[in-house]
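Trainee: Residue 221 is where the sequence shown starts when you use the numbering used here, and the numbers rise one by one after that. All residues carry an ideal CB built from backbone N, CA and C; glycine is no exception. So that we are looking at the same thing, I have put the structure below in structure tokens.
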Amino acid sequence: MVSSEKPVKIASLSFEGALAELEDIVRKLEQGKSDLEDAISAYERGAALKEHCEKKLKEAKTRVDKIKLGSNGPIELEPMDLE
């Protein structure tokens, strides 16, 4: 990457932090001003960030429950179907 600061470990990033960094990488790659090695490094980090974001979304999906009233009145939790 062009930046001289050490990149943050991807596993420690929140979804929002990883997405913001991924968007920044895409923006820089679209400008086409990086040399080949920096572009390849940025692409590799971007791919890892994308994978991390997908993992975080999958984890969030499994935690989201839909509350529904049962026929007898008690509240039941049902996994939310997002598809």
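For the stretch 244 to 252 and the stretch 227 to 236, state whether three or more C-beta atom pairs, one from each stretch, are separated by less than 8 Å.
Mentor: In short, these stretches do not touch, since the Cβ pair count stays below three.
Trainee: For the alpha helix (DSSP H) that lysine 270 lies in, which residues bound it at each end?
Mentor: It spans 256 to 283 - the alpha helix (DSSP H) in which lysine 270 sits, taken as one unbroken run.
Trainee: Please report the Cβ distance between alanine 238 and leucine 269, rounded to the nearest whole angstrom; I am assuming they are in contact, meaning their Cβ atoms lie under 8 Å.
Mentor: About 5 Å; that satisfies the 8 Å criterion.
Trainee: Comparing C-alpha positions only, which one of Ala262, Arg283, Lys275 and Asp258 sits nearest to arginine 243?
Mentor: Per the sequence shown, the amino acid found at residue 243 is glutamate instead of arginine. Closest option to glutamate 243, Cα to Cα, is Ala262.
Trainee: With 16 other CB atoms within 10 Å as the buried threshold, where does isoleucine 260 fall?
Mentor: The residue in question, isoleucine 260, is exposed, as its Cβ has fewer than 16 Cβ neighbours within 10 Å.
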